[in-house]
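S.K.: Below you will find the structure I want to go over with you.
2 protein chains.
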Amino acid sequence: MISGVKIPTTRNGKATFNIIVETAIELFYINGYHSTTIGNITSEAGIGAGTFYLYFANKKALYTYILMEFQHDIRKRIATKVNQVEGRFEKEKEGLKTFIKYALENPHSYNIIWESLYIDRELFINYYDTFAKRYEVGLKESVEKEEMYDVDTELVSYILMGVSNFIGLKVLLKLGDNNSNVDQIVDNVMNIIRTGIFK
Amino acid sequence: MISGVKIPTTRNGKATFNIIVETAIELFYINGYHSTTIGNITSEAGIGAGTFYLYFANKKALYTYILMEFQHDIRKRIATKVNQVEGRFEKEKEGLKTFIKYALENPHSYNIIWESLYIDRELFINYYDTFAKRYEVGLKESVEKEEMYDVDTELVSYILMGVSNFIGLKVLLKLGDNNSNVDQIVDNVMNIIRTGIFK
DNA sequence: TCATAACATGAAGACTTATTCAATAAATAT
DNA sequence: ATATTTATTGAATAAGTCTTCATGTTATGA
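Here the protein sequences come in this chain order: A and B. Just so we're aligned, residue 127 is where the first sequence starts under the working numbering, counting upward by one. Just so we're aligned, residue 127 is where the second sequence starts under the working numbering, counting upward by one.
Right under this line is the structure:
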């Protein structure tokens with residue numbers, strides 16, 4: 127499937143594969159990708175050093191596999207939630223809320239996605255480029271339905287991704303004050319986006 | 127001054143110090159912090175391996191020095207430009223434009239600042255926390271002058287930093303289309319922020 | 001010009017890490 | 001029950017990197 131990754135066939139093999147992935151997610155989060163060695167992963171996972179290479183060609187293949195998993199997961203979750211509400215404003219609100227809550231429940235994913243810029247720029251570009259393109263589809267529909275002004279949907283998707291990511295950052299890293307009530311933060315942000323800030 | 131950094135006193139020493147810094151900025155940008163070795167830096171700079179340690183205790187001390195320089199530089203430039211125009215809207219527009227242009231002229235700085243999250247989380251937090259706090263000062267003044275609604279200035283500062291950073295990202299990495307005309311991009315973004323996107 | 005402080009060198013040693021591979025075990029199909 | 005595929009091990013090797021230090025050079029002020 128993904129190059130450099132060998133999916134095991136047996137029950138045992140799958141268990142070993144999974145423990146490698148879970149351990150790596152944790153260690154990448156705590157110490158970062160570059161400071162995590164294959165030795166760290168195997169010893170923490172309680173397996174032999176050589177076992178790693180049964181399933182992954184190297185550390186980057188493992189990282190790429192994990193990134194793809196999170197990517198799939200987060201997109202699916204946002205899409206599901208957004209489909210449950212009507213109207214562009216409500217959809218954006220739900221999307222932002224889902225993103226922040228996902229990041230809070232799963233801080234590993236947030237870190238790993240951003241870190242891709244410093245592991246393989248292609249991965250990072252691919253991630254945000256495709257995210258933006260999918261975002262645009264929904265925005266264009268809303269423009270057609272006249273729920274939104276006739277804005278540059280590409281720019282708007284980057285603006286909204288920027289807002290989501292930095293509010294996520296603030297909440298995750300507890301930057302500044304008032305980071306506890308996610309629903310209220312999202313309400314405030316959406317009100318600011320709706321009303322604007324300038325008189 | 128900064129711990130782990132020895133500033134040279136003579137003309138020759140300063141030249142060597144500078145070539146280390148310039149070479150490192152370039153290599154950190156091209157290959158990233160973690161993939162850049164002291165050996166890479168010294169050989170690329172054309173100096174002996176031991177010379178590095180005359181001025182820097184280790185790679186992180188050098189990185190921190192570079193980060194601080196960029197931080198100082200970019201803030202000063204934005205402050206100068208923003209002071210030349212009147213009204214909050216014009217100030218924000220000028221700030222965004224200056225930020226993007228700085229990033230374009232100096233893509234090294236952008237990379238190095240973001241990478242700090244994966245080198246030393248403290249550095250990253252400190253960077254955005256103090257940036258946000260300074261941002262808030264201006265925003266609060268504008269609220270008092272009634273140029274802006276009575277918004278949560280902390281949230282607004284993170285929203286605007288998110289927008290700046292992701293538009294910067296788009297332009298720098300050439301994500302999507304239309305990344306050539308910075309003035310026009312900034313005009314579009316500011317119009318979106320002013321008018322809002324929702325009908 | 002000479003003493004002194006600053007600057008510069010790069011080989012050497014200590015350390016860390018990735019990766020292979022021959023040997024072994026476990027699971028599964030026939 | 002046996003053959004065969006799959007999974008596992010960890011010592012050994014190879015490669016890379018940091019950092020020190022004994023030695024040498026350069027600049028400069030008295």
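Note that beta-carbon positions come from the ideal geometry of N, C-alpha and C, so glycine has one too.
#1: On a Cα-Cα basis, can you pick out the residue from A:I204, A:Y155, A:F178 and A:I239 that is closest to K140 (chain A)?
#2: So with Cβ pairs under 7 Å, would you call I318 (chain A) a contact of chain B?
#3: Is the Cβ of I324 (chain B) closer than 7 Å to any Cβ of chain A?
#4: So, is Q210 (chain B) buried or exposed, given that buried needs 16 or more other C-beta atoms within 10 angstroms?
#5: Are the stretch 259-272 of chain B and the stretch 253-271 of chain A touching by the rule of at least three beta carbon pairs closer than 8 Å?
#6: Comparing C-alpha positions only, which one of A:K223, A:E212 and A:H234 sits nearest to F196 (chain A)?
#7: Applying the criterion that 16 or more other CB atoms from any shown protein chain within 10 Å of the CB defines a buried residue, is S306 (chain B) buried or exposed?
#8: Hey, how far is the Cα of N304 (chain B) from the Cα of G221 (chain B)?
#9: For a contact defined as C-beta to C-beta under 7 Å, what are the partners of D278 (chain B) on chain A?
#10: Mind checking whether G322 (chain B) and G322 (chain A) have CB atoms under 7 Å apart?
#11: L299 (chain B) versus chain A: which residues are under 7 Å apart at the beta carbon?
#12: Would you say T162 (chain A) and F154 (chain A) are within 7 Å of each other, going by their C-beta atoms?
#13: Judging by CA-CA distance, which residue of A:I167, A:A258, A:T149 and A:R247 is the nearest neighbour of R201 (chain A)?
#14: Following a CB-centred definition, is I318 (chain A) positioned closer than 6 Å to any heavy atom of the ligand FAD?
#15: I want to verify the contact list: residues of chain B whose CB lies under 8 Å from the CB of T74 (chain A), in sequence order.
#16: Does chain B have any CB closer than 7 Å to the CB of F215 (chain A)?
#17: Under a CB-based cut-off of 7 Å, is L281 (chain B) close to chain A?
#18: Tell me, which residues are paired with M194 (chain A) by DSSP?
#19: Can you give me the Cβ contacts of Y284 (chain B) inside the same chain, cut-off strictly under 7 Å, excluding the 5 residues immediately before and after it?
#20: Would you list the residues sitting across from V131 (chain A) in a DSSP beta bridge?
#21: Any beta carbon from chain A within less than 7 Å of G264 (chain B)'s own beta carbon?
#22: Kindly indicate if chain B contains any beta-carbon less than 7 Å away from that of Y228 (chain A).
#23: Quick one: Cα of H160 (chain B) to Cα of I145 (chain A), how far?
#24: In angstroms with no decimal places, state the Cα-to-Cα distance between Y275 (chain A) and V282 (chain A).
#25: At which residues does the alpha helix (DSSP H) containing H234 (chain B) begin and terminate?
#26: N157 (chain B) lies in the alpha helix (DSSP H); which residues open and close that run?
#27: Rounded to the nearest angstrom, how far is the Cβ of S242 (chain B) from that of L301 (chain B), given a contact under 8 Å?
#28: Residues of chain B with CB closer than 7 Å to the CB of D303 (chain A), please, in chain order.
M.R.: Straight from the coordinates:
#1: Out of A:I204, A:Y155, A:F178 and A:I239, A:F178 has the C-alpha closest to the C-alpha of K140 (chain A).
#2: When Cβ-Cβ separations below 7 Å define contact, I318 (chain A) makes contact with chain B.
#3: Residue 324 (chain B) is actually Phe in this sequence, not Ile. F324 (chain B) counts as touching chain A.
#4: Per the 10 Å Cβ criterion, exposed.
#5: The count of Cβ pairs closer than 8 Å, one atom from the stretch 259-272 of chain B and one from the stretch 253-271 of chain A, stays below three, leaving the stretches out of contact.
#6: Minimum Cα distance to F196 (chain A) is reached at A:H234.
#7: That one is exposed.
#8: Separation of N304 (chain B) and G221 (chain B) (C-alpha to C-alpha, rounded to the nearest whole angstrom) is 21 Å.
#9: Going along chain A in sequence order, the residues near D278 (chain B) (Cβ under 7 Å) are N314.
#10: Yes. Within cutoff.
#11: Against L299 (chain B), the close residues of chain A are I251, in the order they occur along the chain (beta-carbon pairs closer than 7 Å).
#12: The Cβ atoms of T162 (chain A) and F154 (chain A) sit closer than 7 Å to each other.
#13: Nearest of A:I167, A:A258, A:T149 and A:R247 to R201 (chain A), Cα basis: A:A258.
#14: Looking for the ligand FAD in the displayed structure turns up nothing, as the structure carries no ligands at all.
#15: Examination of residue 74 (chain A) is not possible in this model, given that chain A is present from 127 through 325 alone.
#16: Cβ-Cβ to chain B under 7 Å: yes for F215 (chain A).
#17: Closer than 7 Å: yes.
#18: DSSP lists no partner for M194 (chain A).
#19: Closer than 7 Å at the Cβ level, and outside the excluded window around Y284 (chain B), lie A258.
#20: A:F182.
#21: The C-beta of G264 (chain B) comes no closer than 7 Å to any C-beta of chain A.
#22: No, Y228 (chain A) does not count as interfacial toward chain B.
#23: CA-to-CA, the gap between H160 (chain B) and I145 (chain A) works out to about 26 Å.
#24: Spanning the alpha carbons of Y275 (chain A) and V282 (chain A) requires a straight line of approximately 11 Å.
#25: Unbroken alpha helix (DSSP H) run through H234 (chain B): P233 to E241.
#26: Following the DSSP letters along the chain, one finds N157 (chain B) inside the alpha helix (DSSP H) bounded by residues R137 to N157.
#27: Incorrect: roughly 22 Å between the Cβ atoms, too far for contact.
#28: Listed along chain B are E280, each with a C-beta nearer than 7 Å to that of D303 (chain A).
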